[in-house]
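Counting in this note's numbering, the sequence shown runs from 13 upward without gaps.
The beta-carbon is built from N, C-alpha and C at its ideal position, and this holds for glycine as well.
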Amino acid sequence: MDTVLWMTSKIFWRLASPDISLLLVLSVGVCLLYFGREKLGRRLVAVATTIIILFSLFPISSMLLIPLENRFPIPEPLPEDINGVIVLGGAESPKLTQVRGQASLGDSAERLTTFVSLARRFSDAKFVYAGGQGAIGAQEYKAAFTARLFFEQMGLDPDRVMFDSQSRNTLENAENTFKLVNPQKGEKWVLITSAWHMPRSVGIFRKLGWEVIPYPVDFKTTGKLELTLRIPPKLSSTSAVSNVLYEWIGLTYYRLLGRTSELFPGPA
Numbered sequence: 013m014d015t016v017l018w019m020t021s022k023i024f025w026r027l028a029s030p031d032i033s034l035l036l037v038l039s040v041g042v043c044l045l046y047f048g049r050e051k052l053g054r055r056l057v058a059v060a061t062t063i064i065i066l067f068s069l070f071p072i073s074s075m076l077l078i079p080l081e082n083r084f085p086i087p088e089p090l091p092e093d094i095n096g097v098i099v100l101g102g103a104e105s106p107k108l109t110q111v112r113g114q115a116s117l118g119d120s121a122e123r124l125t126t127f128v129s130l131a132r133r134f135s136d137a138k139f140v141y142a143g144g145q146g147a148i149g150a151q152e153y154k155a156a157f158t159a160r161l162f163f164e165q166m167g168l169d170p171d172r173v174m175f176d177s178q179s180r181n182t183l184e185n186a187e188n189t190f191k192l193v194n195p196q197k198g199e200k201w202v203l204i205t206s207a208w209h210m211p212r213s214v215g216i217f218r219k220l221g222w223e224v225i226p227y228p229v230d231f232k233t234t235g236k237l238e239l240t241l242r243i244p245p246k247l248s249s250t251s252a253v254s255n256v257l258y259e260w261i262g263l264t265y266y267r268l269l270g271r272t273s274e275l276f277p278g279p280a
């Protein structure tokens with residue numbers, strides 16, 4: 013059942029995400045113009061084009077990101093007696109890593125760099141990397157392989173790290189990590205992930221009865237909304253809106269399924 017839900021959600025979002033759906037609407041509109049349905053075709057082209065322009069000119073993605081990123085503060089200073097640190101995968105480019113032979117990271121590289129920094133700081137703590145392959149295809153490319161190679165390159169012995177390489181989503185990250193370390197009551201575990209991803213992640217861990225110390229990284233905004241036009245326009249903004257909408261929908265979806273402790277988890 014979990015596999016069916018996972019595949020259904022992946023397929024649905026591939027079609028429903030703004031960047032894909034707008035392209036589909038625009039394509040249908042152009043086809044209708046070509047086949048003589050000019051009135052409807054013009055409307056579809058106009059709607060899609062207008063939305064793309066709005067996304068490109070106005071900070072809509074920032075408006076949606078800021079509440080997520082500001083939800084949890086950076087916990088500095090950290091307790092000196094932490095028991096362990098968990099980092100959620102998502103920073104890696106597994107296929108590029110295996111093809112090119114060197115660790116390739118994406119936009120969320122701060123997840124791994126912060127993890128390495130804490131590993132050097134807390135030599136007696138346990139360290140866990142949780143990340144498998146969240147894509148439907150190309151399951152042979154595992155994010156854990158990239159993480160292991162990156163740790164070696166940064167001088168962190170991978171043998172110090174416990175790896176969960178089977179997770180397909182955040183829920184499985186939490187469940188597999190819980191089974192891996194069997195945390196005891198009163199232990200202090202730090203959770204590293206992107207700031208915009210932290211509310212949903214914390215909600216899942218809490219649902220399992222595991223109160224972690226959130227350590228948000230990979231911020232995309234300053235935390236304050238700047239209501240200014242983007243000149244020149246950023247065409248990549250449509251993709252940015254898609255990413256943050258996915259997170260808000262994920263919060264709602266996980267709450268409806270009972271996977272999180274609350275709709276918008278915040279500091280305890």
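Item to complete: Please work out which residues of its chain come closer than 8 Å, Cβ to Cβ, to LEU56, disregarding the five sequence neighbours upstream and downstream, and give them in chain order.
Response: Translated into positions along the sequence shown, residue 56 becomes position 44. The answer, listed in chain order, is VAL37, LEU38, VAL40, GLY41, LEU44.
Practice prompt. Determine the DSSP secondary structure at LEU187, reduced to helix, strand or coil.
Written response: Here residue 187 is taken as the residue at index 175 of the sequence shown, counted from 1. Just to set this straight, residue 187 is Glu in the shown sequence, not Leu. Correct three-state label for GLU187: helix.
Item to complete: Pull up the CB-CB distance for LEU124 and ALA159, whole angstroms please, since I reckon it's below 8 Å.
Response: Counting from 1 along the sequence shown, the entry for residue 124 is found at position 112. Counting from 1 along the sequence shown, the entry for residue 159 is found at position 147. Contact holds; Cβ gap of about 6 Å.
Worksheet item: Among the residues of its own chain, which have a CB less than 7 Å from the CB of ALA252, if the five just before and after it don't count?
Response: Counting from 1 along the sequence shown, the entry for residue 252 is found at position 240. Within the same chain, ALA252 has close Cβ partners SER73.
Fill in: Per-residue burial, VAL111 [other beta carbons within 10 Å of its own, 16 or more giving buried]
Locating residue 111 in the sequence shown gives position 99, where the first residue counts as 1. So VAL111 counts as exposed.
Fill in: Exposure label - ILE148; buried when at least 16 CB within 10 Å
Position 136 of the sequence shown, counted from the start, is the residue given in the question as residue 148. Because the pLDDT at ILE148 is just 46, under 50, the model does not fix this residue reliably, and the point stays unresolved.
Worksheet item: Do you know how far the Cα of ASP136 is from the Cα of GLY215?
Response: Position 203 of the sequence shown holds residue 215. Position 124 of the sequence shown holds residue 136. Spanning the two alpha carbons is a distance of roughly 27 Å.
Worksheet item: When the Cα of LYS191 is compared with those of LEU268, ASP171, LEU220, SER254, which residue comes out closest?
Response: For the purposes of this step, residue 191 is taken as residue 179 along the sequence shown, with counting starting at 1. It is LEU220 whose Cα lies nearest to the Cα of LYS191.
Worksheet item: Hey, how far is the Cα of VAL97 from the Cα of ARG83?
Response: Working through the sequence shown from its first residue, we reach residue 97 at position 85. Working through the sequence shown from its first residue, we reach residue 83 at position 71. Each residue's Cα considered, the two are about 20 Å apart.
Worksheet entry | Sequence-distant residues of the same chain with beta carbon closer than 6 Å to LEU130, five excluded per side | Counting from one through the sequence shown, the residue named residue 130 turns up at place 118. So the qualifying residues of the chain are VAL97.
Worksheet item: Helix or strand or just coil, what does DSSP make of ILE86?
Response: Taking the first residue of the sequence shown as position 1, residue 86 is located at position 74. Coil, per DSSP.
Worksheet item: Which runs of the beta strand (DSSP E), 3 residues or longer, sit entirely within the region 88-114?
Response: 96-100
Worksheet item: Leaving out five residues before and five after GLY102 in sequence, what residues of the same chain have Cβ atoms less than 6 Å from its Cβ?
Response: Start at 1 with the first residue of the sequence shown, and residue 102 comes out as number 90. Once the five neighbours on either side are set aside, the close Cβ partners of GLY102 are SER120.
Worksheet item: Thinking C-beta only, is PHE139 closer than 8 Å to ALA186?
Response: Here the question's residue 186 lines up with position 174 in the sequence shown. Here the question's residue 139 lines up with position 127 in the sequence shown. Their beta carbons are not under 8 Å apart, which means ALA186 does not touch PHE139 by this criterion.
Practice prompt. Could you pull the start and end residues of the beta strand (DSSP E) that ASP31 belongs to?
Written response: Mapped onto the sequence shown, residue 31 falls at position 19. It is not in any beta strand (DSSP E) - ASP31 instead sits in the alpha helix (DSSP H) that spans 30-46.
Worksheet item: Do PHE67 and SER273 have their C-beta atoms within less than 8 Å of each other?
Response: Mapped onto the sequence shown, residue 67 falls at position 55. Mapped onto the sequence shown, residue 273 falls at position 261. No; because the gap between Cβ atoms is not below 8 Å, this pair is not in contact.
Worksheet entry | Three-state class that DSSP yields for MET166 in the structure shown | To locate residue 166, count along the sequence shown from 1; it is residue 154. The answer is coil: DSSP assigns MET166 none of H, G, I, E or B.
Item to complete: Just the C-alpha distance for ARG271 and TRP260, rounded to the nearest angstrom, thanks.
Response: By 1-based counting over the sequence shown, the position of residue 271 is 259. By 1-based counting over the sequence shown, the position of residue 260 is 248. ARG271 and TRP260: Cα-Cα distance of roughly 14 Å.
Discussion item. Please list the terminal residues of the continuous alpha helix (DSSP H) segment that includes SER179.
Written reply: Mapped onto the sequence shown, residue 179 falls at position 167. Looking at the DSSP string, SER179 is not in any alpha helix (DSSP H), and its letter there is neither H nor E.
Practice prompt. Quick one: using the 10 Å Cβ neighbour count with 16 as the cut-off for buried, is TYR227 buried or exposed?
Written response: Along the sequence shown, read from residue 1 onward, the residue named residue 227 stands at position 215. Flag for TYR227 reads buried.
Practice prompt. Could you check which residue in ASN188, THR126, SER206, ASP171 has the C-alpha nearest to that of SER179?
Written response: In the sequence shown, counting from the first residue as 1, residue 179 sits at position 167. Minimum Cα distance to SER179 is reached at ASN188.
Item to complete: Between the Cα of PRO30 and those of PHE276, ILE64, ARG133, LYS197, spot the shortest distance and give me the residue it belongs to.
Response: The residue labelled residue 30 in the question sits at position 18 within the sequence shown. It is ILE64 whose Cα lies nearest to the Cα of PRO30.
Practice prompt. Mind checking which residues open and close the alpha helix (DSSP H) that includes VAL256?
Written response: Along the sequence shown, read from residue 1 onward, the residue named residue 256 stands at position 244. Start and end: 249-268.
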